[in-house]
DNA sequence: TATTGTTATACTCTATAACTATA
DNA sequence: TATAGTTATAGAGTATAACAATA
């Protein structure tokens, strides 16, 4: 098979198996894999604006808002007025959100163990590095609308 | 940062940048990136049943059906009774579908060029191999409902 | 009995465009 | 003028469960 087709398909297969297994694993905690990623971003950086959050999880402001509304309904995140910019809102995990996130990290561990189980330390690092190169290469790819 | 968190996030970032750039690139041809993957599967294997197709693109029978209905509406695929198993249907690209797919492969080429531009031949092969390992490791991961 | 596909249903992510309020 | 966020809207993928027809 052509490597040109193989790499995109391999990327897709690997990502989807991670994503779907995570989704299935998180279902009973009423959180999706994408919502988990968003919550992880909030764990790292204490309080982000919605705009910053969109950049962080490589998504769209309106998509982020839709996700935040769902998480807010479940009491996992809180949005508050920004201290200096009154247009903006800061987003942070609630106490419940922090507890939930810890739980999710724990129950998702076997999945990550499974992935790392087939890779050596060196291979893991190599894989992260190569994936980073690929993602970077496409980061500023000209969109058709920009022409 | 922890490699345990880094690999899943790197995988996500790389896949999403590929997927979204592809989607944007295919928009004017009225086909999504996921539909493109499905059409590619039909190019390789002449005629598949819906079930086989679901396995091939690692998706769900009902998801596949929803996608096929959309592609059928656009005149890109055709479903016909299976010659020997009258429960099943075979799915194949129409002539229009084949032409459209060729076009999509062509217009998507710059994206793949962009990815491969930052990788050596050896790195590309290594990446495909490592991604394959990861996907395989999760292929038969026990779902929570199976317990 | 098991399997193929359909149907109904519901949820989530995605994205665009028009809008407001503020910087 | 530019930016942060909202709203309305539409489309697409996802998955479960119940079902009919067939193997």
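Chains as they are written, first to last, in the numbering used here: chain A, 1 to 147; chain B, 148 to 294. Every residue gets a Cβ at the ideal spot worked out from N, C-alpha and C, and that includes glycine. As the structure is a prediction and not an experimental result, all values here were calculated from the model.
Got a sec: is the Cβ-Cβ distance from residue i to anything in chain B below 8 Å?
i                     : result
residue 8 of chain A  : yes
residue 31 of chain A : no
residue 12 of chain A : yes
residue 77 of chain A : no
residue 64 of chain A : no
Cβ-heavy atom distance between residue i and the ligand GTP below 7 Å?
i                      : result
residue 181 of chain B : Summarising the ligand content, the structure contains no ligands, and the ligand GTP is consequently not present.
With 8 Å set as the bound, which would you pick, yes or no: does the beta-carbon of residue i sit closer than that to a beta-carbon of chain A?
i                      : result
residue 214 of chain B : no
residue 265 of chain B : yes
residue 259 of chain B : yes
residue 272 of chain B : yes
residue 163 of chain B : yes
residue 219 of chain B : no
residue 238 of chain B : no
residue 151 of chain B : yes
Hey, would you say residue i sits closer than 8 Å to residue j, going by beta carbons?
i                      : j                      : result
residue 224 of chain B : residue 241 of chain B : yes
residue 12 of chain A  : residue 162 of chain B : yes
residue 266 of chain B : residue 238 of chain B : no
residue 70 of chain A  : residue 79 of chain A  : no
residue 277 of chain B : residue 126 of chain A : yes
residue 101 of chain A : residue 35 of chain A  : no
residue 25 of chain A  : residue 285 of chain B : no
residue 128 of chain A : residue 150 of chain B : yes
residue 117 of chain A : residue 22 of chain A  : no
residue 230 of chain B : residue 18 of chain A  : no
residue 186 of chain B : residue 222 of chain B : no
residue 135 of chain A : residue 157 of chain B : yes
residue 66 of chain A  : residue 56 of chain A  : no
What are the partner residues of residue i, as DSSP defines its beta bridges?
i                      : result
residue 224 of chain B : B:240
Would you list, in chain order, the members of the stretch 187 to 205 of chain B that have their beta-carbon closer than 8 Å to a beta-carbon of chain A? Correct list: 187 and 205.
Please list the residues of the stretch 129 to 141 of chain A that have a C-beta atom closer than 8 Å to any C-beta atom in chain B, keeping them in chain order. Residues of the stretch 129 to 141 of chain A with a C-beta atom less than 8 Å from some C-beta of chain B are 130, 131, 132, 133, 134, 135, 136, 137, 138, 139 and 141, listed in chain order.
Inside the stretch 246 to 288 of chain B only - alpha helix (DSSP H) runs reaching at least 4 residues: Counting whole runs of 4 or more residues, the stretch 246 to 288 of chain B contains the alpha helix (DSSP H) stretches 256 to 264 and 268 to 286.
Of all the alpha helix (DSSP H) runs that stay within the bounds of the stretch 161 to 222 of chain B, which reach a length of 4 or more residues? Correct list: 180 to 191, 197 to 203 and 208 to 220.
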